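These notes concern the structure reproduced below.
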Amino acid sequence: MPQSNLRTIYSSLALAFFCILLPWSGLALKLRPDFLLITLIFWLIRAPNVCNIGTVWFAGLMVDLITWGTFGQYALAYTITAYCAIAYQKRLVLFNHTQQLFYVFLLLVVAQVTLLVLKAFSGEYLIGWSYFLPSLTGILLWRIAVAFGLNTGGRARGT
Amino acid sequence: MALGFNHNIDQHQAPSLFARGPSAFARLVFFTALSLALIVTDSRLQYLTEIRKYLITALHPLQVIANTPANLYSDATEYFSTHARLLTENTALKQQALEQGVALQKLNSLAAENNHLRQLLQANQSMKEQSVLAEVVHVGRDVFTKEIIVNRGEKHSIAAGEAVVDANGVIGQVTRVSPLTSEVTLITSKSLAIPVQIERNGLRAIALGRGRDNTLDLPYLPTNVDIKRGDRLVTSGIDGVYPAGLSVATVTQVDITPDSPFARIICTPTGGTENFKQVLLVQIPQNAVQLSNALAEQSTPTDTASSNAQSATQTSQPTKPNHATQASQANAIKSGQHHASE
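Protein chains in written order, with the numbering used here: chain H, 268 to 426; chain D, 2 to 343.
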């Protein structure tokens, strides 16, 4: 693995982490896509040898830290999602863009559901269906990135 | 951002002849176990509190940088706000200052009179609490948390348990402190209970956050309780954490259903739990801690009284935030039931 790619991966992850740190509040917070998880999924598909479950777990731990929540909740949610992504990685790169988009949506929902279960166990109040909005804005972000030429390995429709 | 990524990585196309490291499933099992261990350690034991403190302090510079764009934007809009708006704001503030000045004069004479009366009665002097002004750094990072982070911490001698107020009333309590920042749990959070008093008739109760739509609950009050819509709730001060007499909430809904022995009372906080920038952190009055200890010693004869006094000491010394809030919640329910049985 060339050094520059490693640097690309980690700087993009750092940027995504920084996006979460921005002072979101109100509606923006409800709509905020999980930048870090989306970036992680991208690298899990594109560079599985570098960005693996360990990286994802560590990233999840960082999110746990900045949300002031119980350590390990985001880490576990991200780990399970990463496994789902890696398990189908070889097929995912052969999917066309629409199929890929659907699968990424499923991955984001898996992460959110895991988190929901963990938070429910720790006695948090559950908000309604709007809880899943970040998954929708997440795939919107993914689609925009693909439209701008981000190579996710997927083929355009019809090719 | 996206265009640069095209040329490089074709990892997925090269079939891996040799497995690199452990399999994905092994990694999943390992990291899941690790996460679960962390969850249990963090929620049941206190080992990670210190580590979290240092890590959060280490991340503080990054947080400051992340807040810069928003701060710059608000500064810029303030700078470009029109002359006329500033003038009207100035007039309003002058008027407010005048009104408050008059009120303060009254308050001073009342305070002097109160002191005098207390001396006549030989009652304890109520202490003036010190407070620290803090600014909100950010609100909770995910949708679950009813918390805000403020920019004052251990370095500014903030301690867990301090009351947090804004111009209109109590908004919460400091639950965790790191060297430079602290976490404030809002009164609308499910895990926070606050002892209150109805301003109109002095009836004591405990308000619990509902955890949703920014409201508070007054649970376990009988259906014939003397509470009306529009009643103001103020802190009672008997917990020794919140200074007495601070505005907390206004009663917005009183439902009495024949199938429930308790009235359903919903209140809206008077403080801006969602919209504010500056807040005051009010120190826990030291004499209140001593007083509650003394009370606990005095009132040993009867069972209920001692349990209430113990609860007062517990709530007034929340050294372990999670446990303290849990304890206060449990006590809230306990004393609520006690109240109802009366």
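We put the beta carbon where it would ideally sit given N, CA and C, even for glycine. In this text the structure is predicted, and so the values were computed from the model without any measurement.
- Threonine 146 (chain D) reaches chain H at Thr334, Trp335, Gly336, Glu391, counting residues in chain order whose Cβ is nearer than 9 Å.
- For the pair phenylalanine 369 (chain H) and methionine 329 (chain H), the CB atoms are not nearer than the 8 Å cut-off.
- At a Cβ-Cβ threshold of 8 Å, cysteine 268 (chain D) and threonine 216 (chain D) count as neighbours.
- Between alanine 250 (chain D) and threonine 236 (chain D), the C-beta spacing is not below 8 Å.
- By the Cβ criterion, the region 395-412 of chain H is not in contact with the region 348-355 of chain H, since fewer than three pairs of Cβ atoms, one from each stretch, lie closer than 8 Å.
- Among the CB atoms of chain D, none fall inside 8 Å of the CB of glutamine 379 (chain H).
- Where proline 270 (chain D) is concerned, the enclosing beta strand (DSSP E) starts and stops at 263-270.
- Residue pairing by DSSP places isoleucine 188 (chain D) in no beta bridge whatsoever.
- In this structure, the CA atom of threonine 419 (chain H) is about 19 Å from the CA atom of alanine 281 (chain H).
- With a contact defined as Cβ atoms closer than 8 Å, valine 165 (chain D) and valine 185 (chain D) qualify at about 5 Å.
- Leaving aside the five residues that flank serine 261 (chain D) on each side, the residues in its chain whose CB is nearer than 8 Å to its CB run, in chain order, Thr224.
- Straight-line spacing of the CA atoms in alanine 98 (chain D) and leucine 108 (chain D) works out to 14 Å.
- DSSP assignment within the region 200-258 of chain D yields the following whole beta strand (DSSP E) runs of 3 residues or more, N-terminal first: 205-210, 233-236, 248-256.
- Taking a Cβ-Cβ threshold of 9 Å, the residues of chain H close to glutamate 184 (chain D) are Trp335, in chain order.
- In chain order, Phe302 place their CB closer than 7 Å to the CB of cysteine 286 (chain H), counting only its own chain and leaving out the 5 sequence neighbours on each side.
- With a cutoff of 8 Å on beta-carbon distance, threonine 58 (chain D) and leucine 49 (chain D) are scored as not near each other.
- With respect to the 8 Å criterion, valine 280 (chain D) and valine 137 (chain D) are classified as neighbours on the basis of their beta carbons.
- Note that the region 333-346 of chain H touches the region 145-154 of chain D; at least 3 beta-carbon pairs, one per stretch, sit closer than 8 Å.
- Residue contact check for arginine 153 (chain D) against chain H: no CB pair falls below 8 Å.
- DSSP places threonine 176 (chain D) in the strand class (E or B) of the three-state scheme.
- Between glutamine 367 (chain H) and leucine 375 (chain H), the CB-CB gap reaches or exceeds 8 Å.
- No Cβ-Cβ contact shorter than 8 Å links glutamine 340 (chain H) with lysine 297 (chain H).
- Exclusion of the five residues before and after isoleucine 159 (chain D) leaves Val133, Arg153, Val175, Val178, Ser183, Leu282 as the residues of its chain whose Cβ lies within less than 7 Å of its Cβ.
- Bounds of the alpha helix (DSSP H) holding glutamate 79 (chain D) are 49-81.
- Within the region 53-69 of chain D, Arg53, Leu56, Ile57, Leu60, Leu63, Gln64, Ile66, Ala67, Asn68 place their CB atoms closer than 9 Å to a CB of chain H, listed in sequence order.
- For alanine 34 (chain D), the closest of H:Ala326, H:Ala344, H:Ile394 by C-alpha to C-alpha distance is H:Ala344.
- Distance between leucine 111 (chain D) and glutamine 131 (chain D), taken at the CA atoms: about 20 Å.
- Going by C-alpha positions, tyrosine 398 (chain H) is about 8 Å away from glutamine 379 (chain H).
- Here the C-alpha atom of proline 290 (chain H) lies approximately 45 Å from the C-alpha atom of asparagine 115 (chain D).
- Per the coordinates, the alpha-carbon of alanine 77 (chain D) lies some 44 Å from the alpha-carbon of isoleucine 266 (chain D).
- DSSP lists D:Ala135 as the bridge partner or partners of valine 280 (chain D).
- A check of alpha carbon separations from lysine 357 (chain H) across H:Gly293, H:Pro315, H:Thr404 identifies H:Pro315 as the nearest.
- Aspartate 43 (chain D) has a beta carbon lying within less than 8 Å of a beta carbon in chain H.
- At a cut-off of 8 Å between beta carbons, arginine 119 (chain D) makes no contact with chain H.
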